[in-house]
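Here is the structure:
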């Protein structure tokens, strides 16, 4: 049995067996440790690495801006795609320090967990739920930052957009994994639906963001 909702490498017989998962099976799984298929483990490593890259680059550019107000980051292309405007905004330091410092820590943890899972290790339920809570908080924070970028700051930071994208993927597929293993209580039909159509939620999420960006900045472009 694969450990991720989106790992489709198993044969039809395994999928049929998965579809017979009932409430008793879920109760048995809940509270136990669980590993992850290679797809989810690599997602944690890959998305976490991209998040680290984005956080690092934003941090470096903010340091350069602090040292030289005339510095122009490479991602400042025009009035709409302007990392400079975003980095100099109040929203860039919500908690009194640069937001990317949070990313440097959080994405490093995600990468570390992905590497551990690639070794075949099983993580306890509390660890999976902690990862789910952390990615949920990250997704909510990213969506708030997105709303600020679109409707208050009026500019986009490409590195920030990358962080938003990977955080959404991390949150959704961690949630799907926890539903699959019974770590999150949910009706059986929902669990089976998430397993079969795992791609639908992130696709719709990204699509809505793209539409909002186009609607907001179509005229300026």
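Numbering (UniProt numbering), first residue to last: 1 to 221.
For glycine and all other residues, C-beta sits at the position ideal for the given N, C-alpha and C.
With burial defined as no fewer than 16 other Cβ atoms inside 10 Å of the residue's Cβ, what is the status of residue i: buried or exposed?
| i | result |
| --- | --- |
| residue 180 | buried |
| residue 103 | buried |
| residue 151 | exposed |
| residue 77 | exposed |
| residue 111 | buried |
| residue 128 | buried |
| residue 191 | buried |
| residue 176 | buried |
| residue 73 | buried |
| residue 63 | exposed |
| residue 219 | exposed |
Taking 8 Å as the limit between beta carbons, can you name the residues of its chain near residue i, skipping five residues before and five after?
| i | result |
| --- | --- |
| residue 88 | 65 |
Which of the three DSSP states is assigned to residue i in this structure?
| i | result |
| --- | --- |
| residue 34 | strand |
| residue 81 | strand |
| residue 88 | coil |
| residue 184 | coil |
| residue 51 | helix |
| residue 72 | coil |
| residue 195 | helix |
| residue 66 | helix |
Return yes when the Cβ of residue j is within less than 8 Å of the Cβ of residue i, no when it is not.
| i | j | result |
| --- | --- | --- |
| residue 171 | residue 125 | no |
| residue 57 | residue 159 | yes |
| residue 155 | residue 198 | no |
| residue 47 | residue 208 | no |
| residue 193 | residue 122 | no |
| residue 117 | residue 54 | no |
| residue 135 | residue 189 | no |
| residue 49 | residue 101 | no |
| residue 99 | residue 132 | no |
| residue 51 | residue 107 | yes |
| residue 45 | residue 105 | no |
Which stretch, first to last residue, makes up the alpha helix (DSSP H) that contains residue i?
| i | result |
| --- | --- |
| residue 171 | 158–180 |
| residue 155 | That residue, residue 155, is in no alpha helix (DSSP H); it is neither H nor E in DSSP. |
| residue 217 | 200–217 |
| residue 100 | 100–118 |
| residue 131 | 125–148 |
Got a sec? Which residues, its chain only, sit under 7 Å from residue i by beta carbon, not counting five neighbours each side?
| i | result |
| --- | --- |
| residue 145 | 91 and 160 |
| residue 164 | 142 and 146 |
| residue 148 | 91 |
| residue 201 | 172 |
| residue 43 | 169 and 173 |
Got a sec? Which residues, its chain only, sit under 6 Å from residue i by beta carbon, not counting five neighbours each side?
| i | result |
| --- | --- |
| residue 96 | none |
| residue 226 | Lying before the first or after the last residue shown, residue 226 is absent from the chain, which here runs from 1 to 221. |
| residue 216 | 150 |
| residue 138 | 167 |
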